[in-house]
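Quick note: the sequence shown uses the working numbering, first residue 64, plus one each step.
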Amino acid sequence: MAENKTLKIQRVLFINPFLYHSKNINIGIDPVVVRHAGQAIKTGVTFPIGLAYMAAMLLESGYEVKLLDPLAECLPLDEIYDASCWSDAIVMPYSPGHKEGIKRYFSDFRQKVRIVSGGIAPYIHDYLLGNDIADIIIKGEPEETIVELVRQYPNVSDVKGIIFRSNSNKPVINPRRPLIMDLDRLPFPVRHLTNPIHYWDISFFGQPTAWILLSRGCSFDCIFCAQFEINQRAVRRRSPKNIVDEMEQVVKKQKVKNFVFFDETFNLSDKFVIDVCDEIIKRNLKVHWWCSARPDLVRFDVVKRMKESGCIEMRFGVESANDEILRYLNKDTTVEKMKRGILLTKQAGMNFSLQCIFGSPMESEATIKNTINFARQMNPLFVSFNVLTPLPGSRLFAQLKDKLNLEDGLKNFDILHTDYPLGQFSSQELSQIIKDAYRQYYFSHQFARRILGEFLKNPATLIFLLRCLFTQAGFIYRSIFKVQSSS
């Protein structure tokens, strides 16, 4: 470690990535979408639950912590800098969309211990360490690592789960840390360090929303999943009591009744789902929540119980309406199985949304049309169309790693754009395909009838719903307008 970083760490600042401006933080800009839309796109503000878990661990261990979320709270740079000066160490996740902001911010605080946590950071450690952007990178689950790292600093050579620069400025990759098997022993993520009114999700029409993690890992092995390397398909669940204890605390202390169940796949176990729902019902918690789930695992009676406990939506990653592509993606399902589960969801009276992926090697105009038509046939409240991207941590990334340019910090890695198309379509063609898919879905008579139905059920939500829909598909509206103007 450098000589000016041999201090002991007592104060730690956790900060969510932000865009760098001379005076204030501009929350209106989404760096992922702005390249495609030419305008601000915002359909929600996500609570930084990973940082909140690490902060809770350090608080429990007797350290002083602050948690800043500049984008959510519209914080001025002066306030960010004051908190940075207060700290001994700064912890920030790496986000390609905020690459320049992270680099510039950390360059102003070289005298601090700069820690980059998880995500794609371990896969670009040469870039982060070699360009003096970070001093230490956390890989894998961070909760136990951050405590041991802070406690032992600057003697970190034996700390599992980190990558750091040696005194000769060469990267040292320590052994990975074993997974946390008993999630109940983790403290609840700290929520009092940020204002709950700043966090919301489109499904709750702008109302304050809390993110909660019920389990980690997934027993499936989708080729594009970025969690594969971290969890190794090991599913670990909190107890229903522990989960609902946290929900009850959020309701009482934060006055928030809307929840995002932040699991990769909530419905892997019918028993677990029913036990969680029963615990919510038993305590008479009047909450609303949505989850990510697999449609081929849907059971009618389970969905009814979910609805009874407050579930308002299930989000299904169908990816494609073509069995050949599903096999390539290693989804371990078929279009018919997914369709059957979606129809059961509709019969149970549950809202749902779909996520689709374009760009597999065997993708064609015909398969794209099949997927768009499938989405229209299923008629979800929302649908998202994304590009197949070799996200770090996925098996797809491992297969293509030697062909990827990791020297620029993966600045164009997001689910709307890729510099590494895998099939017959170029990056530009895939971007246009996504625009066309959104146009065909959101600007159809069928979807207009869907929105009318939502309005009749709850008239008060119409204005917000329409605003969110048009910001979510804002770049589609622009492309349509241009086409109409030129014709």
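Just so you know, even glycine gets a beta-carbon here, dropped at the ideal spot from N, CA and C.
Between P424 and G486, the CB-CB gap stays under 8 Å.
By a beta-carbon distance limit of 8 Å, P80 does not contact H188. Their separation comes to about 17 Å. In the structure shown, A119 falls within a helical segment according to DSSP collapsed to helix, strand and coil.
Residue V298 holds the alpha-carbon nearest to the alpha-carbon of L277 among D264, P238, V298. Closest option to G280, judged by alpha-carbon separation, among L246, K304, P250, V307: L246. With distances taken between CA atoms, L454 lies nearest to Y483 out of P111, D499, L121, Y483. Comparing C-alpha distances from N194 to each of F169, N237, F322 shows the shortest one belongs to F169. Contact between W274 and F325 holds, since their C-beta atoms are separated by about 5 Å, short of 8 Å. Here S302 has D247 as same chain residues with Cβ atoms under 6 Å from its own Cβ, once five neighbours each way along the sequence are excluded. In the three-state scheme derived from DSSP, where H, G and I count as helix and E and B as strand, D221 is classed as coil.
A contact between stretches requires three or more CB pairs, one per stretch, nearer than 8 Å, and the region 390-407 meets this requirement with the region 371-382. Assignment of R74 by DSSP, reduced to helix, strand and coil, places it in the strand class.
Restricting attention to R228, H351, D341, the CA atom closest to the CA of I178 is found in R228. For P234, the CB contacts under 7 Å within the same chain, skipping 5 residues up- and downstream, are H188, D189, L192, I226, R228 in chain order.
CA-CA distance, E327 to C285, rounds to 11 Å.
Under the three-state reduction of DSSP output, F415 falls in the strand class.
In the DSSP assignment, C340 falls within the alpha helix (DSSP H) that extends over 333-345.
In this structure the region 428-442 lies against the region 498-515, because at least three pairs of beta carbons, one per stretch, are closer than 8 Å.
Following the DSSP letters along the chain, one finds P271 in no alpha helix (DSSP H), marked with neither H nor E. DSSP places M310 within a helical segment (H, G or I) once states are collapsed to three. With respect to A146, V253 sits apart: the two C-beta atoms are not nearer than 8 Å.
Under DSSP, the beta-bridge partners assigned to R299 are R279. The beta carbons of S180 and V222 sit no closer together than 8 Å. In the DSSP secondary-structure assignment, A184 is not bridged to any residue.
About 7 Å separates the beta carbons of I199 and V219, which is inside the 8 Å limit, making them a contact pair. Here the C-alpha atom of V361 lies approximately 11 Å from the C-alpha atom of M369.
Judged by beta-carbon spacing, R74 lies within the 8 Å limit of S150, meaning their Cβ atoms are closer than that value. Around the beta carbon of N414, 16 or more other beta carbons sit within 10 angstroms, so the residue counts as buried. Boundaries of the beta strand (DSSP E) around H351: 351-356. The beta carbon of D333 sits closer than 7 Å to those of R362, V365, all from its chain and outside the five residues before and after it, given in chain order. Residue burial is scored here from C-beta neighbours: K349 has fewer than 16 other C-beta atoms within 10 angstroms and is therefore classed as exposed. The DSSP-derived three-state label of L191 is helix. Note on A184: 16 or more other CB atoms within 10 angstroms of its CB, so buried under the neighbour-count rule.
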